[in-house]
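> Numbering (my numbering), first residue to last: 41 to 429.
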Ligand SMILES: *Cc1c(COP(=O)(O)O)cnc(C)c1O
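1) Excluding five sequence neighbours on each side, which residues of the same chain lie with their C-beta closer than 6 Å to the C-beta of residue 289?
2) For residue 343, count neighbouring Cβ atoms within 10 angstroms of its own Cβ and tell me buried if that reaches 16, exposed if not.
3) Less than 8 Å between the beta carbons of residue 117 and residue 141, yes or no?
4) Could you give the distance in angstroms between the alpha-carbon of residue 177 and the alpha-carbon of residue 158?
5) Which of helix, strand or coil does DSSP assign to residue 92?
6) Return the Cβ separation of residue 219 and residue 180 in integer angstroms, given the expectation that the two are a contact with Cβ distance under 8 Å.
7) Given this structure, state the Cα-to-Cα distance separating residue 426 from residue 420, to the nearest angstrom.
8) Please find out if some non-hydrogen atom of ligand 1 comes closer than 7 Å to the beta-carbon of residue 52.
9) Does DSSP put residue 147 in a helix, a strand or coil?
10) Between residue 233 and residue 216, how many whole angstroms is the CB-CB distance? I'm expecting something under 8 Å.
11) Taking the continuous alpha helix (DSSP H) assigned at residue 395, which residues delimit it?
12) What does the alpha-carbon distance come out to for the pair residue 54 and residue 244?
13) Given this structure, state the Cα-to-Cα distance separating residue 83 from residue 236, to the nearest angstrom.
14) Any idea what DSSP makes of residue 419, helix, strand or coil?
15) Taking C-alpha atoms, which residue in 101, 332 and 406 lies nearest to residue 390?
16) Per DSSP, which residues does residue 83 bridge with? Please list them.
17) Would you grab the beta carbon distance between residue 329 and residue 109 for me? Rounded to a whole angstrom, and I think it's under 8 Å.
18) Please report how far the alpha carbon of residue 404 lies from the alpha carbon of residue 311, in whole angstroms.
19) In terms of residue numbering, what span does the beta strand (DSSP E) encompassing residue 235 cover?
20) For residue 200, which residues in the same chain have their Cβ closer than 6 Å to its Cβ, ignoring the five residues on either side in sequence?
21) Report the residue from 277, 129 and 265 whose alpha carbon sits nearest the alpha carbon of residue 67.
22) Hey, out of 380, 335 and 371, whose CA is closest to residue 44's CA?
23) Give a single yes or no on whether residue 248 has its beta carbon closer than 7 Å to a heavy atom of ligand 1.
24) Tell me, to the nearest whole angstrom, how far the beta carbon of residue 349 is from that of residue 305; I am working on the premise that it is less than 8 Å.
25) DSSP beta-bridge partners for residue 193?
26) Tell me whether residue 97 is buried or exposed, calling it buried when 16 or more other Cβ atoms sit within 10 Å of its Cβ.
27) Cβ of residue 146 versus every heavy atom of ligand 1: is any distance shorter than 7 Å?
28) In chain order, what are the residue ranges of uninterrupted alpha helix (DSSP H) at least 4 long that sit wholly in the stretch 216–304?
29) Kindly list the residues whose CB is nearer than 7 Å to the CB of residue 309, restricted to its own chain and excluding five residues on each side of it in sequence; keep chain order.
30) Can you tell which of 422, 195, 408 and 395 has its C-alpha closest to the C-alpha of residue 47?
31) Using the beta-carbon count (16 or more within 10 Å), is residue 124 buried or exposed?
32) Under the criterion of a Cβ to heavy atom distance below 7 Å, does residue 113 qualify as lining ligand 1?
33) Alpha carbons only, please: which of 418, 126 and 64 is nearest the one belonging to residue 345?
34) Tell me the residue span of the beta strand (DSSP E) that contains residue 130.
35) Helix, strand or coil: how does DSSP classify residue 45 here?
36) Consult DSSP for residue 170 and reduce its assignment to one of helix, strand or coil.
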C-alpha cells in the first residue's frame, strides 16, 4: 500500500507508541492524585507540555491540552468571543478555513456575533488590505489558518499578526497542518492563540493542544476539575499527551532536512503530472505551499472515480469532490480560489509525509495518467470537447 493522505492523518511513530504504552497499563495513575504513583503521570504530562512549548518557542504554562485540533479551534474562537463580548462581537476569518473554524463561526453568528469571511486570491492567499478594510471598532478576533489542508497555501502569518496587534485585536491561527512542515516561533510571529493536533504529525488521534499567550482573555472551555489550570477540565489523556509531546519533538527536529526530502517528492509529482497529463491545473500557491501538498484539478473527470482506481492500484489519496466528503457540494476551498463547480469535482490531493519515498511517487506517476485517460474516455463531456476542438 502507498499512503498519500498524510493531511488526513499520519501513522503513530514507533518511538511515540513506545513512549505511550506504559501509561495505559503499569503507569495508569491519575495525574491529579497526590501519591507518587499519580505524580509520575503528572510528571509525564509536565514533560510533554515542555516539549510542545519548546516546539513553539513559548512557555509551558501557555500550552493547554485538548481532545483534538477541532476542540482547540472551538475553544480559541468561542472562548475569545465570549470573554471579550463586552468589547465587541465581530470576528474576522477566511472563506477557506477548516470546518472546525468555519462551523464554529457560523454557530457564533446564530448567537448574535458577526463574522467576516475574507475571500482569497486564485492561489488561496488572503489580501492584507482586505483584512485591514474588514477591521471594525468591535472586532475582537482574527482567525486565519497557518496553512490550508486542501491546497497547502501558507498565509502571511507575521504580517497578519502585525495588523492584529496594530489594532489591538487577538490573532488565532489553526496551525494543524503547519506543525512539522514550517518552523514556528509564536513570539517572533506574534501569534496569540494557535491550534495543533497530534495525529497530523506522527502522534495519536484524540489529542491536541491550544497555545494561549499569557494574558489573553479567554473563557474556560470545559467546566469541572482543576486540570489544565481550570481551563479545560477532565482527567488528562496521559498516554495521548505523552504521545503528542514525543511526536512534536520528533516532527520539529531536523526540520529542514525532512522537509527538503518531502519537497523533492512533491516537486517530482507536480512536474510529472504537468508534463504527462493534459487539461490539469495545480491548485494552491506555486511556492508558498506546504512541502507535502500536491493538489490538482483534472478536467472532464469525477474525483471519486479517480480515487477508486488509485485505490485499486494500492494508492490512498484524497479529493475535494462530492461523495468522498459526504456532501454534494465540491470543496469550499476550491470554489473560493475560483475553480468552477464542474472542474472542482475532478480534484486530487496527494499529501506526502515522512513515511513516503520517491518510489511511491514514481508508482503514482506510473499509474495516474492511465487512470485519468480511462475516466476521460468514458466522459461525454470529454467526447464533446474533442469533437469541438
Ligand atoms: C485535521 C485538521 C483539523 C482538525 O483536527 P482534529 O484533531 O482531527 O480534530 C483542524 N484544522 C485543520 C487545518 C486540519 O487539517
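Glycine residues also receive a C-beta, built at the ideal position from the N, C-alpha and C atoms. This one's a predicted model, so the numbers in the text were calculated from it and none came from an experiment.
Inspection of the coordinates gives the following:
1) Closer than 6 Å at Cβ, skipping near neighbours: 91.
2) Of the residues assessed, residue 343 falls on the buried side of the cut-off, its CB having 16 or more other CB atoms within 10 angstroms.
3) Contact: yes.
4) Distance between the alpha carbons of residue 177 and residue 158 is about 17 Å.
5) Residue state for residue 92 is assigned as helix, using DSSP reduced to three classes.
6) About 26 Å separates the two Cβ atoms, so there is no contact after all.
7) A direct Cα-Cα distance of roughly 10 Å separates residue 426 from residue 420.
8) Outside the cutoff, so no.
9) Reduced to three states, the DSSP call for residue 147 is helix.
10) About 13 Å; that fails the 8 Å criterion.
11) First-last for residue 395: undefined, no H or E at that position.
12) Each residue's Cα considered, the two are about 11 Å apart.
13) Roughly 22 Å between the two C-alpha positions.
14) Here residue 419 sits in coil by DSSP.
15) With respect to the C-alpha of residue 390, the residue from 101, 332 and 406 having the closest C-alpha is 332.
16) BP columns for residue 83 are empty, so no partner.
17) So it is not a contact: roughly 20 Å between Cβ atoms.
18) Spanning the two alpha carbons is a distance of roughly 13 Å.
19) Unbroken beta strand (DSSP E) run through residue 235: 233–237.
20) Excluding residues within five positions, the ones whose Cβ falls inside 6 Å are 184.
21) The shortest Cα separation from residue 67 among 277, 129 and 265 belongs to 277.
22) Closest by alpha carbon: 335.
23) Within the cutoff, so yes.
24) Between residue 305 and residue 349 the Cβ distance is about 21 Å, and since that is not below 8 Å, they are no contact.
25) DSSP lists 329 as the bridge partner or partners of residue 193.
26) Within a 10 Å sphere around the beta-carbon of residue 97 sit fewer than 16 other beta-carbons, which makes this residue exposed.
27) Checking every heavy atom of ligand 1 against the Cβ of residue 146, none is found closer than 7 Å.
28) Uninterrupted alpha helix (DSSP H) stretches at least 4 residues long and entirely within the stretch 216–304 occur at 226–229 and 278–292, given in chain order.
29) So the qualifying residues of the chain are 334, 390, 401, 404 and 405.
30) Here the closest residue by C-alpha is 395.
31) Taking all protein chains shown into account, residue 124 has 16 or more neighbouring C-beta atoms within 10 Å of its C-beta and is therefore buried.
32) Taking non-hydrogen atoms of ligand 1 into account, the C-beta of residue 113 is found less than 7 Å away from one of them.
33) The shortest C-alpha separation from residue 345 is found at 418.
34) Note, residue 130: beta strand (DSSP E), 130–134.
35) Here residue 45 sits in strand by DSSP.
36) Judged by DSSP in its simplified three-state form, residue 170 adopts helix.
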